[in-house]
Amino acid sequence: MLEDFRLRVFVTVAQQKSFTKAASMLRISQPAVSQNVSELEKMLGVQLFVRQKGSTELSDAGAVFLRHAQDILDRYMGLQQLFMPFRNRVVKVAASEDVFDYLTGHLLSDFLSVHPEISFELTLMADDADLRIGIGPQKENRGMLALNYHPSAIFSSTDLWKVLSEILQPGCK
């Protein structure tokens, strides 16, 4: 099984061109670096590095694997960062009176059953909230949402779907 730690070890050795320097950067022993690379090579069935006295260079297979390994690690880091802002923290939600009852019903309890690592502090409308929810005088009578740190939060409300799409699919508008 490919593990992100082994990928990090491999990428660090490739970047440093040295098992010893990689060990120092990763704060593990040089034999542990060698063992992780050897196990990775055995699992893949290819030699990732050409080892000669005093130098460590990527093999052709290693160069191909490096591109994919770096992409996997970048995506993994992106996933972590995507959910990091709300991990193990309290999200302050301010709702108008007409929405408050709806939120305190099944909506928040259903959400919390799926995401127990997130806590909510629910209050009536407040300026210091992370999230504001209310119903405005729109033609379609839709609910509206604004994040305090969202660029559109300077307006009284923001279209819920626009904000959610930006949160769930960063970079896609």
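Using the numbering used here, you'd call the opening residue of the sequence shown number 25 and step up by one each time.
A virtual CB, placed ideally from N, CA and C, is assigned to each residue, including glycine.
For F34, the nearest candidate out of I96, G102 and P140 (CA to CA): Residue mapping note: residue 34 aligns to position 10 of the sequence shown, counting from 1. It is I96.
DSSP state of V70, grouped into three classes? The residue you call residue 70 lines up with position 46 of the sequence shown. It is coil, neither helix nor strand.
Where does D28 land, buried or exposed, given buried means 16+ other C-beta within 10 angstroms? Counted from its first residue, the sequence shown places residue 28 at position 4. It is exposed - the Cβ of D28 has fewer than 16 other Cβ atoms within 10 Å.
V57 beta carbon less than 8 angstroms from that of L72: Here residue 72 is taken as the residue at index 48 of the sequence shown, counted from 1. Here residue 57 is taken as the residue at index 33 of the sequence shown, counted from 1. Between L72 and V57, the C-beta gap is not smaller than 8 angstroms, which leaves the two residues out of contact.
Could you say which of T36, Q76 and E65 lies nearest to M49 if we only look at CA atoms? As a working mapping, residue 49 is identified with position 25 in the sequence shown. Considering only alpha carbons, the answer is T36.
On the premise that L90 lies in contact with A47, defined as a C-beta separation below 8 angstroms, what is that separation, rounded to the nearest angstrom? Counted from its first residue, the sequence shown places residue 47 at position 23. Counted from its first residue, the sequence shown places residue 90 at position 66. With 8 angstroms as the limit, A47 and L90 do not qualify as a contact, their Cβ atoms being about 18 angstroms apart.
Using only alpha-carbon positions, find the residue among L103, T44, L146 and D98 that is nearest to K116. Counting from 1 along the sequence shown, the entry for residue 116 is found at position 92. Selected option, being the one with the closest Cα: L146.
Cβ neighbour criterion (16 or more within 10 Å) applied to G102: By 1-based counting over the sequence shown, the position of residue 102 is 78. Result: exposed.
Based on the DSSP secondary-structure assignment, which residues constitute the bridge partners of L31? Translated into the one-based positions of the sequence shown, residue 31 becomes position 7. None, per the DSSP bridge assignment.
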